[in-house]
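Trainee: Got a structure for you, written out below as structure tokens; questions coming shortly.
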């Protein structure tokens, strides 16, 4: 058994013995943490909550509400950070990460495709955190992020919990699949970030030489 799943399962057993309130609270907090700290297996925890609901140990609507509220809250926290801090960081005069022209193109691109990116970015672990930050940096309106952010969370969490109910007899196998999926996406994200930083560093060196 996966060690992370073993820890999650142990907590669920403890929480069940002490009252379902602790499980719903854990699901809510886990959904927030997963947005802010992508390596955390938030999708797997939501799936586990769906499994417990399908087995009758939890209330399905409450599992859906607690995880959705947590995911939405985590998304909005990152959006606020991007809006309040990220914009200033990227556009500071010394050592700017983006030129003014690049930033304008970035804003225009997000203005055109932002809704689709917010929705479909939720399907990619790790990427979803970057999307929320980028939306804040790009100046996406609160109205748009509230609506499309909630829509994306409703769709994705609904899929996870529904899958748990459909494959009740093979939940552990699907859990391991989600773990592999999350690791692959995060690995690809790390590689992409390293390549982007190297490209930025080389561009800065070339600019200094000229």
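Residue numbers (our numbering): 1474 to 1683. Backbone N, C-alpha and C fix where the C-beta goes; we use that ideal spot for every residue, glycine too.
(1) List the endpoints of the continuous alpha helix (DSSP H) containing residue 1551.
(2) DSSP three-state label for residue 1640, please.
(3) Please report the residue range of the alpha helix (DSSP H) in which residue 1501 lies.
(4) For residue 1544, I'd like the list of residues in its chain whose CB is within less than 7 Å of its CB, leaving aside the five on either flank, ordered along the chain.
(5) Tell me the DSSP secondary structure of residue 1598 in three-state form.
(6) Going straight from the alpha carbon of residue 1617 to that of residue 1590, what length do you get?
(7) So residue 1667 and residue 1621 are in contact, right, with Cβ under 8 Å, and what is the actual spacing, rounded?
(8) Can you give the Cα-Cα distance for residue 1535 and residue 1548, rounded to whole angstroms?
(9) May I have the straight-line CA-CA distance separating residue 1578 from residue 1664, to the nearest angstrom?
(10) By a C-beta neighbour count over all protein chains shown, 10 Å radius and 16 as the cutoff for buried, is residue 1494 buried or exposed?
(11) With respect to the alpha helix (DSSP H) encompassing residue 1521, which residues constitute its N-terminal and C-terminal limits?
(12) Taking the straight line between their C-alpha atoms, what separation do you get for residue 1541 and residue 1675?
(13) Indicate whether residue 1522 and residue 1496 have their beta-carbon atoms separated by less than 9 Å.
(14) According to DSSP, is residue 1587 helix, strand or coil?
(15) Return the residue from the list 1606, 1492, 1632, 1619 that minimises the CA-CA distance to residue 1554.
(16) Please return the same chain residues whose Cβ sits closer than 6 Å to the Cβ of residue 1526, not counting the five positions on each side in sequence.
(17) Quick check on the DSSP output: what are the complete beta strand (DSSP E) runs of length 3 or more inside the stretch 1603-1643, in order along the chain?
(18) Would you mind sorting residue 1557 into buried or exposed? The rule is 16 or more other CB atoms within 10 Å of its CB.
(19) Apart from the five residues just before and just after residue 1633, which ones in its own chain have a Cβ nearer than 7 Å to its Cβ?
Mentor: According to the structure data:
(1) 1533-1554
(2) coil
(3) 1493-1509
(4) 1504, 1508, 1626, 1630
(5) coil
(6) 12 Å
(7) The Cβ separation is near 30 Å, so there is no contact.
(8) 20 Å
(9) 24 Å
(10) exposed
(11) 1515-1527
(12) 42 Å
(13) yes
(14) helix
(15) 1606
(16) 1533, 1536
(17) none
(18) exposed
(19) 1516, 1519, 1520, 1523
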